[in-house]
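Here the protein sequences line up with chains L, G and D, keeping their order.
Using my numbering, read the first sequence as starting at 0 and increasing by one per residue.
Using my numbering, read the second sequence as starting at 576 and increasing by one per residue.
Using my numbering, read the third sequence as starting at 904 and increasing by one per residue.
To keep things clear, I will list the structure first and then write my remarks on it.
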Amino acid sequence: MTITRRTLGLGTAALAGAAALPGALQAQAPLNVGFILIGPVGDFGWSTMHDVGRRRMLEVLGNRVTATQVESVAPPDFDRVANQLARTGSRLIFTTSFSYFQPTMRVAPTLPNVMFENATGTSTLPNLSIYNARFYEGRYVQGVIAARKSRSKTIGYIASFPVPEVIHAINTVMRGAWSVDPQMRIRVVWVSAWFNPAREADAARALIDQGCDVICQHTDSPAPLQLANERGVFGFGQASDMTRFAPRAHLTSSVNNWGDYYAERARAVLEGTWRPGDVWGGLNSGMFRLAPFTNMTPEETAEAERIRDAIAAGTLHPFDGPILRQDGTEVIPAGQRLTDDQIRAQNYFYRGIDVAMP
Amino acid sequence: MRLVLEQRGETGLALRMASPLLAVALALASAAVMFAALGADPLVALHAYFLLPLSDSWGLQEVAVKATPLVLISVGLAFCYRAGVWNIGAEGQFLVGALAGAWLAIATHGAAQGPWLLPAMLAAGALGGSAFALIPALLRTRFGASEILTSLMLVYVAELLLDWLVRGPWRDPAGFNMPQTVTFSPAATLPLLAEGGRLNLGTPIALLVVIVAAFVATRTLKGFEIRLLGEAPRAARFAGVDAKRLTWGVFALSGALAGLAGILEVSGTLRQLQPGLSPGYGFTAIIVAFLGRLNPVGCLVAGILLAVTFIGGENAQIMLRLPLDATRVIQGLLLFYVLACDTLLLYRVRLLRSVPA
Amino acid sequence: MTLIEAILLTVITASTPLLIAAIGELIAERAGVLNLGVEGMMIMGAAAGIAAAITTGSSAAGVAAAILAGMALAAIFGLLVLGLATNQVAAGLALAIFGLGLSGVLGAPFVGVPRAGIGKIEVPFLSDIPFLGPLLFRQDPFVYASFALVAGVAWFLGRTRAGLVLRACGENAAAAHALGYKVLRIRFLALLFGGACAGLAGAYLSLVLTPFWTSGMTSGRGWIALAIVVFASWMSWRAVAGAYLFGGVTILQLHAQGAGVPIPPQAMAALPYLVTILALVLIMQARGGGSTAPAGLGTPFVPDR
């Protein structure tokens, strides 16, 4: 049996090598990086952007790395896929969903020679890093823009699931909006899916019919934005630059960019400098960026750029006190700022959001 | 020209063996063409797809782990379909079984847990799945509402129930508000059976179920009544078979097995509840049941075959960088071939020049 | 436009793909063939539709391609379950997997390519009727097609000799065969019609409702279409009721959430399923039970010459 495996291993290595480098001489065998995706590569959202990141890593590091990807892996199948990646030579594995966090915590100690990186996880191990982006910083800018653009003073928010990420995004959008106009209101529809184009579009229709004229989306498909375009209201893109889907409606998109991080971490493994880390990258980290502002006046654009740059520079912080919960109780007083753990742990809406917490 | 099927009198052992082999060979040939079209070496691909999962102890254990829920659920479904009862909501019963069993683990987490816990969890899982399956049974026997519709719709309800529980009442208080329950303690986790793999107690349980089910199906009066009800409902009525009670019975049984599969999966591999805990086992098991010709031993074989293709699909992605969709196409083709070759067992296929029927 | 009109408009667009696919499946099942692969045919329609529309620049070509793709899958299925008399349930589920996979492979180059949707067509005069006009006569071509399909199928099944023969094949294939009808050929044609409808429904998703392609974009609508056929007791007018009930509750719960009704979103999302079950139970109770399925549904038929 070992013979079969070894010959096969050689076969794959030869295959990978042939693809990676024309010459025979190679200082170091290429590092194989594994990626485990929660959805299909073609979801045009979360998983697609990790795939884009993988390709960016290959571009940056050239023939020093190869990459292997497994898509639509359900959590119960995770252990096997991770093991199989390790057995076929992956020495660095990105597990790109929170659903994989516990499974990764379980598998990592059994594969001490493989480095793991979990997206959006909450703790580290000697061979497990966690990484995420501070998408909420972009949400704050969206809130500012929405307040400038809205005539009905009502933002529509298409939400996926009530997880902390989405809750604090809703809070930040409103903080941004209130910084322009304290009268701004929000309506929220939960579609119970990260990706269901037609239902997302239906949710956008419902929100627009109820008077919302700027649509924020926390789901992956361009459907809400397309609908905003059709109905003559504004919207923001998610995950990738969605300008082309809504030439008249698109204001900006929050564009995920994992590639540089992936390249950096793969290089660290190659050079033997990899250490477990907890990275929560903001606008300044390049882990995500805002797509060029469109359909905005020069003044609006200038303001949005100013806010964006201030957040990136750290001079404006979306979570400065005072912060009050919906019921009026105080989270932090003026002069304080939410810690990272407090940001992550938000399971309440701020005062002024008149939507019930699910 | 047209296809004509002629019934065979008897099917020899050689043919029984040849049919599935022919199906696999045809699938291999089609797969090879597709692999080549996608730029992969067909031989390496076929090896990764069909042989690698079976090539060592670790791989075999993984096949067993993957096949266990499929086999358990499909054995229950086989009884339903034999009786002409169309339970297609096993996915929901799987989830509710997982919920019911996990509830015990969560409720006692951090408190006194003992060796009683695991058996209790398995019993709760079976009961939960069974109770959930009795809803369509009740709607069928009491109101005449089609179980095809009700059992399918209840799958979505079960998914949303799971979603609500893990985001709300059962959420791990120390889990940063993420949608997951606490990780089960060792007392609530199925023991592993072998070194260097994930084989757990679930697999022997599934094998035991197959043996008992095979006995019940072929050697008992109940098994006969179930077949009679499905094949000749009128005759069954004359023979004094209580159709209502039998409908309840097969629903309860298949729900129990699906629920048992659910809690085995959760306490054996995942060790916590979270959304998306089933990759569609309940639906795949329907295919398994029919591939296995609604016979428990057949379900065992078909479950293993399907498990191999799932794992082979992962291997193809890992070793050949083939997209998942390509392996789905191959899976679909394989199933088509298996079904088509089944026909060869029952019929002789002839091509005839057009003759009036 | 009032809010009620707006809601009803959305209900119509959300229900139309379900209705079109359900009507097609209804014909197949009436002929005695249970094709559980609607989801696979639908998503192949969505993929082929947008791929052809982008490649040729013509929406009509997209629609045609979608219909052909649905029919092609239905033909494979027909070959298996009619030509080779295989088990219909298993073959249907296999078809669903196959369609999901093939659509992903063929659609890969088109992921995220934007395209303008197909616009609405106003029917002159009729669209000026207050309330009903904008709802029924200022729609996209697919909505009109769904109306026509329902009426056509109702007429075909209830009023034509061919419809009677098709139903006979579904009720008692042996008797129909004895009377000299070519049961398998009729069933095959019924399957093709079902595939065409499923493909058309897929095209509605990828060309009108959300004009772009991503894998898995049908999100289970094919399964709902199957349930609607059962809900409808295999009658075309009732399929309208089923599709609009399901679509209606789906849209209403989204509106209720937007209006701030404090119910967990999961409970809201479960409503369409629960309401459909409840409605079926009430209908069945009012009618006093009894199966309404075509007697030969799902049973292979092999003519013994």
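A virtual CB, placed ideally from N, CA and C, is assigned to each residue, including glycine.
Contact check, G:A653 vs G:G676, beta carbons under 7 Å
Taking the second sequence and counting its residues from 1, the one referred to as residue 653 of chain G is at position 78. Taking the second sequence and counting its residues from 1, the one referred to as residue 676 of chain G is at position 101. No.
Taking D:A1048 and D:I930 to be in contact with their CB atoms under 8 Å, please state how far apart those CB atoms are, rounded to whole angstroms.
Along the third sequence, read from residue 1 onward, the residue named residue 1048 of chain D stands at position 145. Along the third sequence, read from residue 1 onward, the residue named residue 930 of chain D stands at position 27. Wrong, their Cβ atoms sit about 15 Å apart, outside the cutoff.
With a Cβ-Cβ cutoff of 7 Å, do D:G1163 and L:V165 count as a contact?
Locating residue 1163 of chain D in the third sequence gives position 260, where the first residue counts as 1. Locating residue 165 of chain L in the first sequence gives position 166, where the first residue counts as 1. Not closer than 7 Å, so no.
Where does D:W1116 sit, in a helix, a strand or coil, going by DSSP?
Looking up residue 1116 of chain D in the third sequence gives position 213. In the structure shown, D:W1116 sits in a strand (DSSP, three-state: E or B).
Please confirm if L:Q341 has its CB atom under 7 Å from at least one CB of chain G.
Position 342 of the first sequence, counted from the first residue, corresponds to residue 341 of chain L. Not one chain G Cβ lies under 7 Å of L:Q341.
Within 7 Å of any Cβ in chain L, is that where the Cβ of G:E734 sits?
As a working note, residue 734 of chain G is residue 159 in the second sequence. It does not: the Cβ of G:E734 has no partner Cβ on chain L nearer than 7 Å.
Would you call G:K819 buried or exposed, if buried means 16 or more other Cβ atoms sit within 10 Å of its Cβ?
By one-based count along the second sequence, residue 819 of chain G stands at place 244. Exposed: under 16 other Cβ atoms inside 10 Å.
In chain L, which residues lie with their C-beta within 9 Å of the C-beta of D:I1154?
On the third sequence, position 251 is the one that residue 1154 of chain D refers to. Going along chain L in sequence order, the residues near D:I1154 (Cβ under 9 Å) are D201, R204 and A205.
Pull up the distance between the alpha-carbon of D:L1157 and that of L:W189, whole angstroms please.
Along the third sequence, one-based indexing puts residue 1157 of chain D at 254. Along the first sequence, one-based indexing puts residue 189 of chain L at 190. Computed Cα separation, rounded: 8 Å.
Report the three-state DSSP secondary structure of L:H217 (helix, strand or coil).
Taking the first residue of the first sequence as 1, we reach residue 217 of chain L at position 218. Three-state DSSP puts L:H217 in coil, outside helix and strand.
Residue-chain proximity (G:T918, chain D), Cβ-Cβ < 7 Å:
Stepping through the second sequence from its first residue, residue 918 of chain G is reached at position 343. It does: the Cβ of G:T918 has a partner Cβ on chain D nearer than 7 Å.
Does DSSP classify L:T251 as helix, strand or coil?
Translated into the one-based positions of the first sequence, residue 251 of chain L becomes position 252. It is a strand residue.
Chain D partners of L:S149, CB-CB under 8 Å?
One-based indexing of the first sequence puts residue 149 of chain L at position 150. Those within 8 Å of L:S149 in chain D number zero; the least Cβ separation is about 15 Å.
Rounded to the nearest angstrom, how far is the Cβ of G:Q668 from that of G:A833, given a contact under 8 Å?
Stepping through the second sequence from its first residue, residue 668 of chain G is reached at position 93. Stepping through the second sequence from its first residue, residue 833 of chain G is reached at position 258. Between G:A833 and G:Q668 the Cβ distance is about 4 Å, and since that is below 8 Å, they are a contact.
At least one CB of chain L closer than 7 Å to the CB of D:A909: is that the case?
Mapped onto the third sequence, residue 909 of chain D falls at position 6. Closer than 7 Å: yes.
Which residue from D:I1186, D:G1201 and D:P1197 puts its Cα closest to that of G:R717?
Within the second sequence, residue 717 of chain G is the residue found at index 142, counting from 1. For G:R717, the nearest C-alpha among the options comes from D:I1186.
L:E70 touches chain G at which residues, Cβ-Cβ below 8 Å?
Position 71 of the first sequence, counted from the start, is the residue given in the question as residue 70 of chain L. Here the neighbours are Q892, P898 and L899.
In its own chain, which residues sit with a C-beta less than 7 Å from the C-beta of L:G334, not counting the 5 before and 5 after it?
Looking up residue 334 of chain L in the first sequence gives position 335. Closer than 7 Å at the Cβ level, and outside the excluded window around L:G334, lie G320.
Is there contact between the region 39-55 of chain L and the region 1117-1130 of chain D, where contact requires at least three CB pairs shorter than 8 Å?
yes
Answer with yes or no whether the minimum CB distance from L:Q83 to chain G is below 7 Å.
Locating residue 83 of chain L in the first sequence gives position 84, counting from the first residue. So, interface residue.
Within a Cβ cutoff of 6 Å, which residues of the same chain sit near D:V1178, ignoring the five residues on either side of it in sequence?
As a working mapping, residue 1178 of chain D is identified with position 275 in the third sequence. Result list for D:V1178: V1152, in chain order.
Is G:W745 helix, strand or coil by DSSP?
By one-based count along the second sequence, residue 745 of chain G stands at place 170. Looking at G:W745 - three-state DSSP - the assignment turns out to be coil, as it is neither helix nor strand.
Through-space distance from D:I1127 to L:A176, alpha-carbon basis:
Taking the first sequence and counting its residues from 1, the one referred to as residue 176 of chain L is at position 177. Taking the third sequence and counting its residues from 1, the one referred to as residue 1127 of chain D is at position 224. Taking the straight line joining both Cα atoms gives about 40 Å.
Whole-number beta carbon distance between L:T153 and L:R174, since they are thought to touch under 8 Å
Along the first sequence, read from residue 1 onward, the residue named residue 174 of chain L stands at position 175. Along the first sequence, read from residue 1 onward, the residue named residue 153 of chain L stands at position 154. Not quite, the Cβ-Cβ distance comes to about 16 Å (not below 8 Å), so this is no contact.
How long is the line joining the alpha carbons of L:Q141 and D:R1124, rounded to whole angstroms?
Along the first sequence, one-based indexing puts residue 141 of chain L at 142. Along the third sequence, one-based indexing puts residue 1124 of chain D at 221. Rounded to the nearest angstrom, the two C-alpha atoms are 33 Å apart.
Skipping 5 residues on each side, what residues in its chain have a beta carbon closer than 6 Å to that of D:V1026?
Translated into the one-based positions of the third sequence, residue 1026 of chain D becomes position 123. The residues are F1040.
Does G:L914 have its Cβ less than 7 Å from a Cβ in chain D?
The residue given as residue 914 of chain G occupies position 339 in the second sequence. Yes, G:L914 counts as interfacial toward chain D.
Short CB-CB distance (under 7 Å) between G:M753 and chain D:
Taking the second sequence and counting its residues from 1, the one referred to as residue 753 of chain G is at position 178. So, not an interface residue.
Can you tell me the Cα-Cα spacing of L:G52 and L:W257, whole angstroms?
Counting from one through the first sequence, the residue named residue 52 of chain L turns up at place 53. Counting from one through the first sequence, the residue named residue 257 of chain L turns up at place 258. Those two C-alpha atoms are separated by around 5 Å.
What first and last residue would you give for the beta strand (DSSP E) that runs through L:N131?
Reading the first sequence from its first residue, position 132 is the one you call residue 131 of chain L. Counting along the chain, the beta strand (DSSP E) containing L:N131 begins and ends at L127 to A132.
What does the Cβ neighbour count give for L:G22, buried or exposed, with the cut at 16 atoms within 10 Å?
On the first sequence, residue 22 of chain L is found 23 positions in, with the first residue counted as 1. Unreliable positioning characterises L:G22 in this predicted model, as indicated by a pLDDT of 39, which lies under 50. The coordinate reading is nonetheless provided below. It is exposed - the Cβ of L:G22 has fewer than 16 other Cβ atoms within 10 Å.
Leaving aside the five residues before and after D:W1137 along the sequence, list all residues of the same chain whose C-beta is less than 7 Å from its C-beta, in chain order.
Within the third sequence, numbered from 1, the residue matching residue 1137 of chain D stands at position 234. The answer, listed in chain order, is L929, E932, R933, T1195, A1196 and P1197.
Would you please verify whether the beta carbon of L:L20 is less than 7 Å from any beta carbon of chain G?
The sequence position of residue 20 of chain L within the first sequence is 21, counting from 1. Note that L:L20 scores a pLDDT of 39, beneath 50, so its modelled location is shaky and nothing firm can be said.
Cβ of L:N117 within 7 Å of any chain G Cβ:
The count along the first sequence starts at 1 and reaches residue 117 of chain L at position 118. No, no contact with chain G.
Inside the region 233-291 of chain L only - beta strand (DSSP E) runs reaching at least 3 residues:
233-238, 249-255, 277-280 and 287-289
On the DSSP bridge assignment, give the partners of G:L926 in chain order.
If you number the second sequence from 1, residue 926 of chain G lands on position 351. Looking at the DSSP assignment, G:L926 forms a beta bridge with G:L578.
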